[in-house]
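Asks:
Residue numbers (full-length UniProt numbering): 1 to 843.
1. Considering only residues of the stretch 119-172, which uninterrupted beta strand (DSSP E) runs meet the minimum length of 3 residues and lie entirely inside it, listed in chain order?
2. Going by DSSP, what residues sit across from residue 519 in a beta bridge?
3. Between the beta-carbon of residue 515 and the beta-carbon of residue 508, is there less than 9 Å?
4. Rounded to a whole number of angstroms, what is the C-alpha to C-alpha distance between residue 265 and residue 201?
5. How far does the beta strand (DSSP E) with residue 493 in it extend, from its first residue to its last?
6. In this structure, how does DSSP classify residue 314 when only helix, strand and coil are distinguished?
7. Check whether the stretch 416-432 touches the stretch 447-464, counting contact only when three or more Cβ pairs, one atom from each stretch, lie closer than 8 Å.
8. Count the other CB atoms, across all protein chains shown, that sit within 10 Å of the CB of residue 492; report buried if there are 16 or more and exposed otherwise.
9. Which residue marks the beginning of the beta strand (DSSP E) containing residue 179, and which one marks its end?
10. Leaving out five residues before and five after residue 258 in sequence, what residues of the same chain have Cβ atoms less than 6 Å from its Cβ?
11. CA-CA distance, residue 64 and residue 146?
12. Name the DSSP beta bridge partners of residue 244, please?
13. Short check: CB of residue 430 to CB of residue 414, under 9 Å?
14. For residue 836, count neighbouring Cβ atoms within 10 angstroms of its own Cβ and tell me buried if that reaches 16, exposed if not.
15. Who does residue 376 pair with in a DSSP beta bridge?
16. Once the 5 residues before and after residue 832 are set aside, which same chain residues still bring their CB inside 7 Å of it?
17. If you draw a straight line from the alpha carbon of residue 237 to that of residue 224, how long is it in whole angstroms?
18. Report the rounded CA-to-CA distance for residue 784 versus residue 594, giving the unit in angstroms.
19. Going by alpha carbons, who is nearest to residue 291 out of 476, 52, 344 and 317?
20. Helix, strand or coil for residue 825, going by three-state DSSP, please let me know.
21. For residue 214, which of 296, 195, 256 and 191 has the nearest alpha-carbon?
22. For residue 56, does the count of other Cβ atoms within 10 angstroms reach 16, so buried, or fall short, so exposed?
23. For the structure I just gave you, are there three or more beta carbon pairs, one from the stretch 87-99 and one from the stretch 60-76, closer than 8 Å?
24. CB-CB under 7 Å to residue 203, same chain, minus the five flanking residues each way: which ones, in chain order?
25. Taking 8 Å as the limit between beta carbons, can you name the residues of its chain near residue 434, skipping five residues before and five after?
26. Looking only at its own chain, which residues have a Cβ that is under 6 Å from the Cβ of residue 926, when we skip the five neighbours before and after it?
27. How far does the beta strand (DSSP E) with residue 48 in it extend, from its first residue to its last?
28. Could you give the distance in angstroms between the alpha-carbon of residue 29 and the alpha-carbon of residue 36?
29. On the premise that residue 349 lies in contact with residue 315, defined as a C-beta separation below 8 Å, what is that separation, rounded to the nearest angstrom?
30. Classify residue 865 as helix, strand or coil using the three-state DSSP reduction.
31. Indicate whether residue 43 and residue 140 have their beta-carbon atoms separated by less than 9 Å.
32. Mind checking who residue 339 pairs with in its DSSP beta bridge?
33. Once DSSP output is grouped into helix, strand and coil, what is the label at residue 219?
34. So for residue 51, helix, strand or coil by DSSP?
35. Hey, residue 374 and residue 419: beta-carbon distance below 9 Å or not?
36. Select from 534, 254, 154 and 276 the residue whose C-alpha is nearest the C-alpha of residue 178.
See the structure below:
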């Protein structure tokens, strides 16, 4: 692109006409002098003839073209020292011909032209051609100014304008846009054609702070400001400068309109301002001396002070009760963000706050402003304290339950405005604890009913499990089922014991009934009682039968003795009448007495046998009594065991009740605590970085919830084990109770029977001993009679006296026989009674 300027004053070189030699020399001197002066000028000057060839060049031209002498230039055309193509893209020769024609047609022409030195280096110039007449010929004086430095600066300026991130317009003094850069197109979103066509009409200024372009032209001074402009494609916030460019005369030739797009910054500032204004955290801006510059609504709400009052105060006017963290002076000194927690009294209210000081520094690094963010932790601290106290109260309730104390009424702690939501949760928790307490009381009551009924022998009593729920219902059903299961062996044991009481010792525990544990030992013991008693009764029956036979034999012998005594008595009568036949009669008497002696000896022997059998039967009866007493003692031990087991069951029931309470309570607390941790986490998330402390609390609460739920699971396993233990203990209790009530009665009856048998056998033993004693006395009497008979044989003369004595002895013997007969009759009667009693036993 080329610009045409008005020509400057023509340079006229004087030309003189021919005259005298003196005049000629003077004229030549006057002609040479100006040309010499041209060598002194810093501007390259040449003269072209009508053909466009160099006639003359000054010294500066040689320097500019890099020539050593005029001969290298004279006779050549300017195109010879020009590149083939100009930077504008024009052909140098053709363009130069046009310029020369214009110069010959006009007085002066100026143009920007690229020349080429002899070494091939191209350099920019400002070329001016003046038309002149030299020696009657049309010539052109050409002046060339090397503008390389200026061009470099212009190029740099052009590059700066072109590549500048700021919008730059070139504006004429008539306020028309003559040029714009790429940044302007990006800001406006106009195409180059639209920008050229619209000009300033494409800019609708909505608001302005600062001077106008007319002010810059009028005052010839830069004008700065900012405005909001609508370019059609959108509204932009811009800072602008109108920079006037003055010409040599000091007039404004054109202006540069520079615009900096601040839209993103303004948007961010607006966003930042909106964040500050709408932030739930309290934010104040203060200077290093803590003078409050601004405060948002959240801080006004926190402090309960209006913003208008806050901006008249200093932050140090607030009363800090407790601080943990950096102070304002620390932040100003270290020029680093600082923070912490504090408790502050603002006057109307006292708050627990988490704070952060954010220092803002200038270009010199000095703190000029401090942004302070406050997060109100008062609800959190109140909530934490409320939770801590409430959890302690709930823990006390749990401890009471674990200690078996249900005599309390759980109630939540009263709440304030910050803890109302937690209060509702603890209402649910205390309700759950109270329900657990009632359930445990019901469980304990029903367990006591079962135990009392069992102690009283009412094994058919059952608890209504429908009044219980969950694990409690399972426990009650388990106890009922345990009793149901226990009744089968209990009823069987009662049946066997009743048969024993009916002397049916052949009866045994039904083998089809399957028993386990202690029931096996009880079954075997009960069967062993039947077997041992059967064995003793069988042996006793055999001995009684032997005794019966012996008594019969003794009775026969006694009858023989009675018959012999009668014969002796008759013989004694004959002896008394026929003493003269004494020898023969005496011999007969001696023989009869010997027979009597043998018979009495046999009776004595039989009586000894009977006594021995009676003693053995008495020993067996005593053994039976001892065995029955041992069985009764075993029953007493079982009674003690039953009582111990009953205590175990009660203890286990208490433990199960306590643990059940704990499980229910902990599960409820875990659920409610987890809900509280979730609320706390939500509040922490809303508070962002400022809520980190709250998030830690939420995490701790959540961890507590997690630990509580794990404890509940562990305790559930404990309940399961205790249920199994309770079932086993219940079985033992029921078995023992059954044995106590039924077995003891049967053993009592058996002991009575054995005592009766022992008494009867004792009587038999005593009577047998009496028979033996009487038989011995009778034997002695018979011996005496025999001796008397021998004396009669020897001393016949004493026959009458001896007969008298013999009659007395016979009388005594007869009395003894009567006594023996009576004793034997009594023995027979006792033996019949014993046999009758033994026959009642089925062995």
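Don't be surprised by glycine CBs; every beta carbon is placed ideally from N, CA and C.
Replies: Quick look at the numbers:
1. Correct list: 122-134, 137-146 and 167-172.
2. Mapped onto the chain shown, residue 519 falls at position 519. None, per the DSSP bridge assignment.
3. Residue numbering aside, residue 515 sits at position 515 when the chain shown is read from its first letter. Residue numbering aside, residue 508 sits at position 508 when the chain shown is read from its first letter. No, these two residues do not count as a Cβ contact at 9 Å.
4. As a working mapping, residue 265 is identified with position 265 in the chain shown. As a working mapping, residue 201 is identified with position 201 in the chain shown. Approximately 26 Å, taken between the alpha carbons.
5. On the chain shown, position 493 is the one that residue 493 refers to. Element bounds for residue 493: not the beta strand (DSSP E) but the alpha helix (DSSP H), 470-501.
6. Reading the chain shown from its first residue, position 314 is the one you call residue 314. Three-state result, residue 314: strand.
7. Because the criterion of three Cβ pairs below 8 Å is not met, the stretch 416-432 and the stretch 447-464 do not touch.
8. Translated into the one-based positions of the chain shown, residue 492 becomes position 492. Result: buried.
9. Looking up residue 179 in the chain shown gives position 179. The continuous beta strand (DSSP E) containing residue 179 extends over residues 177-180.
10. Position 258 of the chain shown, counted from the start, is the residue given in the question as residue 258. Cβ neighbours of residue 258 beyond the five flanking positions: 166, 168 and 241.
11. Numbered from its first residue, the chain shown carries residue 64 at position 64. Numbered from its first residue, the chain shown carries residue 146 at position 146. Looking at the two C-alpha atoms, the distance is approximately 8 Å.
12. Residue numbering aside, residue 244 sits at position 244 when the chain shown is read from its first letter. Note: residue 244 sits in a beta bridge opposite 255.
13. Taking the first residue of the chain shown as 1, we reach residue 430 at position 430. Taking the first residue of the chain shown as 1, we reach residue 414 at position 414. Their beta carbons are not under 9 Å apart, which means residue 430 does not touch residue 414 by this criterion.
14. Taking the first residue of the chain shown as position 1, residue 836 is located at position 836. With fewer than 16 Cβ atoms within 10 Å of its Cβ, residue 836 is classed as exposed.
15. Position 376 of the chain shown, counting from 1, holds the residue named residue 376. According to the DSSP secondary-structure assignment, residue 376 is paired through a beta bridge with 353.
16. Here residue 832 corresponds to residue number 832 of the chain shown, with the count starting at 1. Closer than 7 Å at the Cβ level, and outside the excluded window around residue 832, lies no residue.
17. In the chain shown, the residue the question calls residue 237 occupies position 237. In the chain shown, the residue the question calls residue 224 occupies position 224. Approximately 14 Å between the Cα atoms of the pair.
18. For the purposes of this step, residue 784 is taken as residue 784 along the chain shown, with counting starting at 1. For the purposes of this step, residue 594 is taken as residue 594 along the chain shown, with counting starting at 1. Going by the C-alpha atoms only, they are around 11 Å apart.
19. Along the chain shown, read from residue 1 onward, the residue named residue 291 stands at position 291. The candidate whose alpha carbon is nearest that of residue 291 is 317.
20. Within the chain shown, numbered from 1, the residue matching residue 825 stands at position 825. Helix, per DSSP.
21. Taking the first residue of the chain shown as position 1, residue 214 is located at position 214. Measuring from the Cα of residue 214, the nearest candidate turns out to be 256.
22. On the chain shown, residue 56 is found 56 positions in, with the first residue counted as 1. The residue is buried, with at least 16 neighbouring Cβ atoms inside 10 Å.
23. They do not touch, by the three-pair rule.
24. Indexing the chain shown from 1 puts residue 203 at position 203. Excluding sequence neighbours, residue 203 sits near 229 and 231.
25. Position 434 of the chain shown, counted from the start, is the residue given in the question as residue 434. Only 409 and 410 meet the Cβ criterion.
26. No statement about residue 926 is possible, as the shown extent of the chain runs from 1 to 843 and does not include it.
27. The residue you call residue 48 lines up with position 48 of the chain shown. 44-48 is the extent of the beta strand (DSSP E) around residue 48.
28. As a working mapping, residue 29 is identified with position 29 in the chain shown. As a working mapping, residue 36 is identified with position 36 in the chain shown. Note on residue 29: pLDDT 44, under 50, position unreliable in the model; the coordinate value appears next. Their backbone Cα atoms lie some 10 Å apart in a straight line.
29. The residue given as residue 315 occupies position 315 in the chain shown. The residue given as residue 349 occupies position 349 in the chain shown. About 16 Å separates the CB atoms of residue 315 and residue 349; that is not less than 8 Å, and the two are not in contact.
30. Residue 865 lies beyond the range of the chain shown here (1 to 843); nothing can be said about it.
31. As a first step, residue 43 must be located in the chain shown, where it is residue number 43. As a first step, residue 140 must be located in the chain shown, where it is residue number 140. At a Cβ-Cβ threshold of 9 Å, residue 43 and residue 140 do not count as neighbours.
32. For this step, residue 339 is matched to residue 339 along the chain shown. DSSP output for residue 339 lists 356 as bridge partner(s).
33. Reading the chain shown from its first residue, position 219 is the one you call residue 219. Three-state result, residue 219: helix.
34. Indexing the chain shown from 1 puts residue 51 at position 51. Residue 51 sits in coil when the DSSP states are folded into three classes, being neither helix nor strand.
35. The residue labelled residue 374 in the question sits at position 374 within the chain shown. The residue labelled residue 419 in the question sits at position 419 within the chain shown. The Cβ-Cβ distance between residue 374 and residue 419 does not fall below 9 Å.
36. Looking up residue 178 in the chain shown gives position 178. Among 534, 254, 154 and 276, the Cα nearest to that of residue 178 is on 254.
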